Amino acid sequence: MKILIAFYSKTGNTKAVAEAIFNALQEEDKVLAPIKEIEDIDDFALIFCGFPVYAHSVPVPVHGFLKKIKGNQKLALFSTHGARTEGRMQKEAIEHAIGLAKNAELLGYFTCRGQVEQAVLDNLMTKPEHRAWAMEAASAHAHPDKADLEDAQVFARGVLKKALKFKEFNKK
Ligand SMILES: Cc1cc2nc3c(=O)[nH]c(=O)nc-3n(C[C@H](O)[C@H](O)[C@H](O)COP(=O)(O)O)c2cc1C
Numbered sequence: 001m002k003i004l005i006a007f008y009s010k011t012g013n014t015k016a017v018a019e020a021i022f023n024a025l026q027e028e029d030k031v032l033a034p035i036k037e038i039e040d041i042d043d044f045a046l047i048f049c050g051f052p053v054y055a056h057s058v059p060v061p062v063h064g065f066l067k068k069i070k071g072n073q074k075l076a077l078f079s080t081h082g083a084r085t086e087g088r089m090q091k092e093a094i095e096h097a098i099g100l101a102k103n104a105e106l107l108g109y110f111t112c113r114g115q116v117e118q119a120v121l122d123n124l125m126t127k128p129e130h131r132a133w134a135m136e137a138a139s140a141h142a143h144p145d146k147a148d149l150e151d152a153q154v155f156a157r158g159v160l161k162k163a164l165k166f167k168e169f170n171k172k
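Residue 1 is where the sequence shown starts when you use my numbering, and the numbers rise one by one after that.
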């Protein structure tokens, strides 16, 4: 089975999770690449797609990629976000991503916190209406950490196990 681990990442948090996922899938036929470098996804049976949560949602450069995924392809989503993991924000973003990839068969999703750029935090702190959120986002400092990356690897192996249960991947 050919596996693609595609990611969009501006400051490296989502890229770190993508790399952890890539390394977790030992002995698989796999490709790790930023979304903007990927031309053709048709060959891949399983696609992991990762992005940072932007404004409760999916960054625009990821939209087209998700829309391209076909009905015969399995999808696993992952995201990083400044907000606490229990909150609604990253769920909204995952729901949006699922809506964009409406043809794909979703096998699961993973989210963890990611350190927010200082310039973004400084900007938010100047706006009283955003100050509470800025303080929450500041506490994402040092994420993704070792435990986050290990959790991502457990997730990735779980997704692979699920994918391998489909009979189209068991022809050997
Ligand atoms: C423009 C912008 C908007 C963001 N919006 C959110 C948001 O709505 N919710 C959230 O939890 N984090 C938000 N963040 C924080 C990022 O999702 C987080 O820092 C992420 O880990 C960055 O990933 P990257 O290093 O892969 O670019 C935002 C960051 C930026 C730059």
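Every residue gets a Cβ at the ideal spot worked out from N, C-alpha and C, and that includes glycine. Nothing here was measured: the structure is a model prediction, and the numbers come from that model.
With a threshold of 16 other CB atoms inside 10 Å of the CB of residue i, please say whether the residue is buried or exposed.
i      : result
Met1   : buried
Leu164 : exposed
Lys67  : exposed
His141 : exposed
Ala119 : exposed
Lys127 : exposed
Gln73  : buried
Ala132 : exposed
Gln26  : exposed
Asn123 : exposed
Lys172 : Here Lys172 scores only 48 on pLDDT, less than 50, and its place in the model is too uncertain to base an answer on.
Lys167 : exposed
Asp43  : exposed
Gly64  : exposed
Gly71  : exposed
Ile47  : buried
Which residues share a DSSP beta bridge with residue i?
i      : result
Glu105 : Lys74
Ile21  : Bridge partners of Ile21: none, in fact.
Ala33  : Ala6
Leu220 : Coverage of the chain is limited to positions 1 through 172, which leaves residue 220 absent and any answer about it impossible.
Arg113 : His81
Pro52  : Thr80
Assuming residue i and residue j make a contact with CB atoms under 8 Å, what is their CB distance in whole Å?
i      : j      : result
Pro52  : Gly114 : 6 Å
Val159 : Gly99  : Not a contact, Cβ separation roughly 20 Å.
Phe22  : Lys30  : 6 Å
Phe7   : Ile35  : 7 Å
Ala93  : Val58  : 6 Å
Using a Cβ-Cβ distance under 8 Å, would residue i count as near chain C?
i     : result
Ile38 : You won't find chain C in this structure, because it holds only one protein chain.
Is the segment 91-104 touching the segment 147-161 in the sense that three or more CB pairs, one from each, lie closer than 8 Å?
no
With three or more beta-carbon pairs closer than 8 Å as the criterion, would you say the segment 66-81 touches the segment 13-20?
yes
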